[in-house]
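To keep things clear, I will list the structure first and then write my remarks on it.
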Amino acid sequence: MSETAGLMAGCLLLLALFLYTFWPEHGADQREKSQLEFLLERKEQLYENLRDLNFEYRAGKYPEEDYRTQRALLENEATRLLAQIEHVQGA
82 MSETAGLMAG
92 CLLLLALFLY
102 TFWPEHGADQ
112 REKSQLEFLL
122 ERKEQLYENL
132 RDLNFEYRAG
142 KYPEEDYRTQ
152 RALLENEATR
162 LLAQIEHVQG
172 A
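Under the working numbering, think of the first position of the sequence shown as 82, with each following residue one higher.
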């Protein structure tokens, strides 16, 4: 009888965990981000990537040519992103 009770308790626990995991809108805020929020988060990521790139270059982990190429790519993306942010804020 105790095996059956243990098995039932385990099944109930499993069901509760399943429902908690997949039930919509529990605990964390699951609202969709606005376009502006997404763009601002991306801007912070880009700036952090630029800081990391500069740090790694100064630490000698990047050759000069690779550093310049990566930096130019990140700066171009940041420029486009800032233009998008301005467009969204102006709309």
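Note that CB positions come from ideal geometry on N, CA and C, so glycine has one too. Because the structure is a prediction, the values reported are computed rather than measured.
Looking at residue j and residue i, is the spacing between their C-beta atoms short of 7 Å?
| i | j | result |
| --- | --- | --- |
| LEU155 | LEU120 | no |
| GLU137 | TYR128 | no |
| GLN116 | VAL169 | yes |
Between the alpha carbons of residue i and residue j, how many angstroms are there, rounded?
| i | j | result |
| --- | --- | --- |
| LEU163 | LYS124 | 8 Å |
| LEU134 | MET89 | 55 Å |
| GLY87 | PHE103 | 24 Å |
| GLN165 | ARG152 | 20 Å |
| GLU118 | THR160 | 17 Å |
| TYR101 | CYS92 | 14 Å |
| GLU158 | GLU167 | 14 Å |
| ALA140 | TYR148 | 12 Å |
Helix, strand or coil for residue i? Go by DSSP, reduced to three states.
| i | result |
| --- | --- |
| ALA153 | helix |
| SER115 | coil |
| TYR143 | coil |
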